[in-house]
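The opening position of the sequence shown corresponds to residue 72 in the working numbering, with each subsequent residue numbered one higher. One structure below.
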Amino acid sequence: GLQLYQVSLAWLLSRPAVASVIIGAETLDELRANVTATNVQLETTQLDALTALANEPAAFYHRAGDGPKRPPATTDPANPSA
Numbered sequence: 072g073l074q075l076y077q078v079s080l081a082w083l084l085s086r087p088a089v090a091s092v093i094i095g096a097e098t099l100d101e102l103r104a105n106v107t108a109t110n111v112q113l114e115t116t117q118l119d120a121l122t123a124l125a126n127e128p129a130a131f132y133h134r135a136g137d138g139p140k141r142p143p144a145t146t147d148p149a150n151p152s153a
């Protein structure tokens, strides 16, 4: 099976607007492991599922120094269809 970093990097590399991916490798072994993601080909259904997850609104967002906060509601909880 694939490792999470391989799936993440493969999905990022599949995105049309992404020209390159910055990886956080600290060791040569981590660099070698990350490079394996260039050989991963995800299926269309997998790419679509990952894209749908990425488009979900964040449950929390973080602003430097402010700590985690909930994003503002986009709908009225009392009237979700409004």
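Backbone N, C-alpha and C fix where the C-beta goes; we use that ideal spot for every residue, glycine too.
Here S85 carries a helix assignment [DSSP, helix/strand/coil].
The alpha-carbon separation between T116 and T122 amounts to approximately 10 angstroms. For L99, the three-state secondary structure derived from DSSP is helix. 8 angstroms or more divides the Cβ of V78 from the Cβ of L84. In this structure, DSSP gives V106 a helical state, which the three-state scheme calls helix.
8 angstroms or more divides the Cβ of V111 from the Cβ of A88.
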